[in-house]
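Enquirer: Below you'll find the structure I mean.
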DNA sequence: TATGAATGAGATTTCATTCAT
DNA sequence: AATGAATGAAATCTCATTCAT
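Protein chains in written order, with our numbering: chain G, 237 to 428; chain L, 237 to 428; chain W, 237 to 428; chain A, 237 to 428.
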């Protein structure tokens, strides 16, 4: 057999790396960072313990990569240019559903992320990434409430943020029974 | 000297027990359950490691006691009979502020509780207590939305729940800068 | 009330001391020395942990007292002057039964003693006491086999010692079902 | 370099496992189960503490493995088919010497085993293994005494068992000075 | 690159002993 | 004398990380 080209090797590394990240996300989200062991992650990824260390320096760095990667992906998702006119009720509704979809596709990530930022010690590590994501989020959503004749656009924007966070939280706790559609309609009715 | 009476002893144990629970709450809330050590808790409580085991069977049981105690306290708080007429805008506002006060007084507890229920493995342990608290919460808030001429009382109640959860979440993340009063007014405007 | 006389106090101490020794024997015999805790012994004796230390310097000293006391009692039992003529078959049988009775009355003690001398580290502690007891035992039994026309009195004495030890061992293991009488008859038939 | 093959791995684990069992036997036999520490065993085996837990779940399970393994080995030894005719005086003598050899080769094991079955709590754990060994032992020795014109074959068998147990006990206590040959001759004279 | 045995620091837990009451 | 809360050294056990193969 001919030796693999460096491009093939690169692709292989990339794939293995993702495999490990996926496994780590699943395990961290279910057991918490400190409750997870390298052993669990390796088993979930279907590789040997030692191999993790050829892809990630340490358990801590693995977590950091995971969060950075997840937030970047989410930012990219958020900043995909929307099609059609903005600032209409329809655009608001479409954006809202997009947010929910973003969350549903990456539930484990958001669960893990929520757990982490609730711990001051952990939160610190991700302050930079979190701030950067928050800015994206704000630039996407902030302007909307400035267009409406709200008595207090700033407060309404904060409240809407709380609605999204609370919705996410409640969806994590009961993903199956939650009456999502009806609640979304109610949000649109109250905020759009 | 003569030994302490059993009354003295009981009071001593009660006091120590609370002292340890307070310390554990602080440490668990800041480091997470798995990131906390018995050593940290003992140091925070100002007692020797070994003493914790004379009051609580294990680290795990200590956590369980903490959560059970906290939820019971919160339930008691919620069910204190309100004064004045109910189902008015004013009563709604008063209740809302009471909820926020409850949360602010026990921020560490709610932070810890939130972290825990995000982890399936942990959540299971507290299912019974959590359900019992949820029922109290629902019986207090559920009826309100049945009185209003809401198109969908059920969805509105769920949404209001998400608002409370999201507000709590955001208050944990930035307790000092949060424009709480303005957001509360906005909530009252939209939901009362 | 008049203060207790020093004689009364003395008697009280004596009684308490015995109470603790009895408890310690029971616990040590059932859990082994290292598997027993001061707490267990105190509970069994019906007194507080701290009190043990006003009667015995340490757990180790308590064990030593126990063994010394037990061996002394056994020596005293052995050297009680037998009534009637010695060196007859009947005397042999009587002595044998007396040995068995001695053992049965203090089963826990012999169980503990056996456990201890099987461990070199423990055995050392009791070497002096054990030797002293062995001498008593030998002086009582040694002469018997010198009277009989045994090919090898010394070996027969050793073998008889093994019989007694093995009998004790087997009686510990199945105290209820053991066909003691039949085995004793067999011993008498073979050795008397 | 390439990783070890699973055959190599298995051999390695087998070897290490035996190494740890040997070390554990030595330490347990000398200090007693509760008087032994994992540290002592690891040091004796020449490996790190943590490694023991990769081979045995817990200290307790290590003990259980040790006993099970030892009794199985002894059973195998006992049931090796004897050569030559049975039920003769010579066969009896040969068997007796075989028993003694079995014991001498595994003195530490029998010392440990004796210590353990004297403690009810420990004995329970090994009841199954102990019974199974006892049956083997009985099937090997039981038949002998049914052949002889003994007044009471059952009692004689029990007594012979006690002789073996007592001999073992006494050999543990003074392995070097014991006049084994003379005592064995005496046993053969009395029982064969 | 890939494996999993091996390490040892550090976590949880136990318990003999002390001591204030 | 008697109590049992409190201590802390030492035990058991865990797990991130290293390393020989």
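All C-beta atoms in this analysis are idealised placements derived from N, C-alpha and C, irrespective of residue type, glycine included.
In angstroms, rounded to a whole number, what distance separates the CA positions of residue 281 of chain W and residue 295 of chain W?
Expert: So the two alpha carbons sit approximately 14 Å from each other.
Enquirer: Can you tell me the Cβ-Cβ gap for residue 401 of chain W and residue 304 of chain W, rounded? I've got them flagged as a contact below 8 Å.
Expert: Contact doesn't hold; Cβ gap of about 21 Å is too wide.
Enquirer: Closer than 7 Å, Cβ to Cβ, to anything on chain A: give me those residues from the region 335 to 361 of chain W, in chain order.
Expert: For the region 335 to 361 of chain W, which is checked against every Cβ of chain A, the residues closer than 7 Å are 347, 350, 351, 353, 354, 355, 356 and 357.
Enquirer: DSSP three-state label for residue 311 of chain G, please.
Expert: Here residue 311 of chain G sits in helix by DSSP.
Enquirer: Just to confirm my understanding: we take residue 275 of chain W, look at its own chain, exclude 5 residues before and 5 after, and list those with CB closer than 8 Å. What are they?
Expert: Around residue 275 of chain W: 285.
Enquirer: Between the region 259 to 276 of chain L and chain G, which residues of the former have CB atoms less than 7 Å from a CB of the latter, in chain order?
Expert: Answer in chain order: 266, 267, 268, 270 and 271.
Enquirer: From W/253, W/407 and W/383, pick the residue whose C-alpha is nearest to that of residue 323 of chain W; which is it?
Expert: It is W/383.
Enquirer: In angstroms, rounded to a whole number, what distance separates the CA positions of residue 363 of chain W and residue 268 of chain W?
Expert: About 19 Å.
Enquirer: Would residue 329 of chain G and residue 428 of chain G qualify as a contact pair, given that the criterion is a beta-carbon distance under 8 Å?
Expert: Yes, they are a contact pair.
Enquirer: When the Cα atoms are used, what is the spatial distance from residue 406 of chain G to residue 316 of chain G?
Expert: Roughly 26 Å between the two C-alpha positions.
Enquirer: Please classify residue 289 of chain W as buried or exposed, where buried requires at least 16 other C-beta atoms within 10 Å of its C-beta.
Expert: Result: exposed.
Enquirer: Hey, residue 404 of chain A and residue 391 of chain W: beta-carbon distance below 8 Å or not?
Expert: Not a contact, by the Cβ cut-off of 8 Å.
Enquirer: For residue 269 of chain G, which of helix, strand or coil comes out of DSSP?
Expert: Reduced to three states, the DSSP call for residue 269 of chain G is coil.
Enquirer: Check whether the Cβ atoms of residue 389 of chain L and residue 381 of chain L lie closer than 8 Å to each other.
Expert: Against a cut-off of 8 Å, the Cβ pair of residue 381 of chain L and residue 389 of chain L comes out as a contact.
Enquirer: Residues of chain A with CB closer than 9 Å to the CB of residue 397 of chain W, please, in chain order.
Expert: Within chain A, the residues near residue 397 of chain W are 402 and 406.
Enquirer: Whether or not the region 245 to 264 of chain W and the region 250 to 266 of chain A are in contact is what I'm after, with contact meaning three or more pairs of Cβ atoms, one per stretch, closer than 8 Å; do they touch?
Expert: Output reads no: the region 245 to 264 of chain W does not touch the region 250 to 266 of chain A.
Enquirer: Return yes when the Cβ of residue 277 of chain L is within less than 8 Å of the Cβ of residue 259 of chain L, no when it is not.
Expert: Their beta carbons are under 8 Å apart, which means residue 259 of chain L touches residue 277 of chain L by this criterion.
Enquirer: Give me the chain G residues within the contact set of residue 423 of chain L, using Cβ-Cβ distance strictly less than 7 Å, ordered along the chain.
Expert: Residues of chain G passing the Cβ test: 395.
Enquirer: With C-beta atoms as the reference, is residue 373 of chain A less than 8 Å away from residue 314 of chain A?
Expert: It is a contact, given that the beta carbons lie within the stated cut-off.
Enquirer: Of the residues G/351, G/326 and G/291, which one's Cα is nearest the Cα of residue 246 of chain G?
Expert: Of the candidates G/351, G/326 and G/291, the one whose C-alpha sits nearest the C-alpha of residue 246 of chain G is G/291.
Enquirer: Compare the C-beta of residue 284 of chain A against all C-beta atoms of chain W and say whether one is closer than 8 Å.
Expert: No, residue 284 of chain A does not count as interfacial toward chain W.
Enquirer: Smallest Cα separation from residue 354 of chain W: which of A/279, A/357 and A/348?
Expert: The candidate whose alpha carbon is nearest that of residue 354 of chain W is A/348.
Enquirer: What's the gap between the Cα of residue 300 of chain A and the Cα of residue 408 of chain G?
Expert: When rounded, the distance between both Cα atoms is 45 Å.
Enquirer: Does the CB of residue 329 of chain G have a neighbour CB from chain L at under 8 Å?
Expert: With 8 Å as the cut-off, residue 329 of chain G does not count as an interface residue toward chain L.
Enquirer: Nearest chain W C-beta to residue 419 of chain A closer than 8 Å, yes or no?
Expert: Yes, residue 419 of chain A lies at the interface with chain W (some Cβ there is under 8 Å from its Cβ).
Enquirer: Just tell me which of L/273, L/297, L/238 and L/386 has its CA closest to the CA of residue 425 of chain G.
Expert: The residue with the shortest Cα to Cα distance from residue 425 of chain G is L/386.
Enquirer: Could you tell me whether the Cβ atoms of residue 270 of chain G and residue 378 of chain L are closer together than 8 Å?
Expert: For residue 270 of chain G and residue 378 of chain L, no; Cβs fall outside 8 Å.
Enquirer: What are the boundary residues of the alpha helix (DSSP H) that residue 372 of chain A is part of?
Expert: Residues 356 to 377.
Enquirer: State the CB to CB distance for the pair residue 399 of chain A and residue 398 of chain W, rounded to an integer number of angstroms; the pair is presumed to be in contact (CB under 8 Å).
Expert: Correct: roughly 6 Å between the Cβ atoms.
Enquirer: Taking the alpha carbon of residue 262 of chain A as the point to measure from, which residue in W/415, W/410 and W/357 has its own alpha carbon closest?
Expert: Among W/415, W/410 and W/357, the Cα nearest to that of residue 262 of chain A is on W/357.
Enquirer: Residues of the region 370 to 397 of chain A with a CB closer than 8 Å to any CB of chain W: list them in chain order, please.
Expert: Answer in chain order: 387, 388, 390, 391, 392, 394, 395 and 397.
Enquirer: What residue range is occupied by the uninterrupted alpha helix (DSSP H) comprising residue 342 of chain A?
Expert: It is not in any alpha helix (DSSP H) - residue 342 of chain A carries neither H nor E in the DSSP assignment.
Enquirer: If the cut is a Cβ gap below 7 Å, which residues of chain A does residue 409 of chain W touch?
Expert: Here the neighbours are 353.
Enquirer: Would you decide whether residue 393 of chain A is buried or exposed? Buried here means 16 or more other CB atoms lie within 10 Å of its CB.
Expert: Residue 393 of chain A comes out buried.
Enquirer: On the DSSP letters alone, give me the boundaries of the alpha helix (DSSP H) that residue 401 of chain G sits inside.
Expert: Element bounds for residue 401 of chain G: 389 to 409.
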